[in-house]
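*Asks:* Each residue of the sequence shown is one higher than the one before, starting from 1 at the first, in the numbering used here. Have a look at this one.
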Amino acid sequence: MDVSSKIAQWQADSAPGDRLADVASDAEDCRRCPLYQDATHLVFGEGNDDARVLLVGEQPGDKEDLAARPFIGPAGRLLDMCLEEAGIDRGLCYVTNAVKHFKFTPRGKRRIHAKPNTGEIKACAWWLNAERRLIKPRLTVALGATAAYSLLGPKAKVTRDRGQVLKSMDGSEVLMTIHPSYLLRLPDPADREREKTRFVDDLRRIGAYLG
Ligand code: URA
């Protein structure tokens, strides 16, 4: 099988099931990659089953892992602020992650975020693809490189494509943008403000799909 067929396959393969709640419950026993071993919870997506817009982050963070809910920690609060500024109601969207278990490196009592690798992203696309298959959103928003890789494959580049709506292998539309934690990592307040404005501008594009 050539590379693009392989990519098409992992982007199409999805967990079986006709109801999101059943898929979410099956996901709790996920052993598709080793990340379940150290995580507290599998963090499935949340929101409307018939949402027109699906937001995809990277993976749950420390707070999300403990609460079993996506985007409720610092990156989630920033995402909420930026969505509000863009005039988007998070309650109308479905929010999830490309990888459903928290990957971290222990440092003393702290758990430091570790980036999921391509094997983990591909293994977890099984659940993300099921969410997309059942919700059938008009627009999927890739928040950062991990989500972009899962949704569009290795050719998508956040720095080059951010703010654009691209077509995924299944023909559905994907808005590319940055991950909100990128803003949290910027040390210079002026850079942070400028990049936040660009992020809000990207998010404004969601409005056309909700109406
Ligand atoms: N970062 C993510 O990508 N997802 C979350 O749920 C929280 C932080």
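For glycine and all other residues, C-beta sits at the position ideal for the given N, C-alpha and C.
Looking at A145 and W10, is the spacing between their C-beta atoms short of 7 Å?
*Replies:* Not a contact, by the Cβ cut-off of 7 Å.
*Asks:* One question on the structure: do I121 and A148 come within less than 7 Å of each other, judged by their Cβ atoms?
*Replies:* Not in contact: I121 and A148 (Cβ atoms no closer than 7 Å).
*Asks:* For the beta strand (DSSP E) that Y94 lies in, which residues bound it at each end?
*Replies:* C93 to N97 is the span of the beta strand (DSSP E), which, as asked, contains Y94.
*Asks:* Less than 6 Å between C-beta atoms, sequence neighbours within five positions excluded: which residues of the same chain meet that for N129?
*Replies:* Here the set comprises S14.
*Asks:* Going by the C-beta, is E173 closer than 6 Å to any heavy atom of the ligand URA?
*Replies:* No; taking the cut-off as 6 Å, the Cβ of E173 has no heavy atom of the ligand URA nearer than that.
*Asks:* Do G207 and G91 come within 7 Å of each other at the CB atom, strictly closer than that value?
*Replies:* In this structure, G207 does not lie closer than 7 Å to G91 by Cβ.
*Asks:* Report yes if the CB atom of A39 is closer than 7 Å to the CB atom of H101, and no otherwise.
*Replies:* Contact: yes.
*Asks:* Indicate whether F71 and L78 have their beta-carbon atoms separated by less than 7 Å.
*Replies:* Cβ distance not < 7 Å, so F71 and L78 don't count as in contact.
*Asks:* Residues around the ligand URA, please: the ones whose beta-carbon is closer than 5 Å to some heavy atom of it, in chain order.
*Replies:* Here the list is G57, E58, P60, G61, E64, P70, F71, A75 and N97.
*Asks:* Decide if the segment 161 to 175 is in contact with the segment 187 to 203; the criterion is three or more beta carbon pairs, one per stretch, under 8 Å apart.
*Replies:* Contact between the segment 161 to 175 and the segment 187 to 203 is present, because at least three Cβ pairs lie under 8 Å.
*Asks:* Could you check if R3 is buried or exposed, using at least 16 other CB atoms within 10 Å of its CB as the buried criterion?
*Replies:* Inspection of the sequence shows that residue 3 is occupied by Val rather than by Arg. By the neighbour-count rule (16 or more Cβ atoms within 10 Å), V3 is not buried but exposed.
*Asks:* Where DSSP assigns a beta bridge to G47, which residues make up the other side?
*Replies:* Beta-bridge pairing links G47 to Y94.
*Asks:* So the beta strand (DSSP E) P154 belongs to, where does it begin and stop?
*Replies:* Taken as a continuous stretch (DSSP letters only), P154 belongs to no beta strand (DSSP E), as it is neither H nor E.
*Asks:* Based on the DSSP output, what are the partners of E58 in its beta bridges?
*Replies:* Paired residue(s): none; E58 is not in a bridge.
*Asks:* What number of angstroms, rounded off, separates the C-alpha of L143 from the C-alpha of D170?
*Replies:* Roughly 19 Å between the two C-alpha positions.
*Asks:* Taking the alpha carbon of C93 as the point to measure from, which residue in R194, D22, D50 and P106 has its own alpha carbon closest?
*Replies:* Nearest option by C-alpha distance: D50.
*Asks:* Less than 7 Å between the beta carbons of T96 and G45, yes or no?
*Replies:* Yes.
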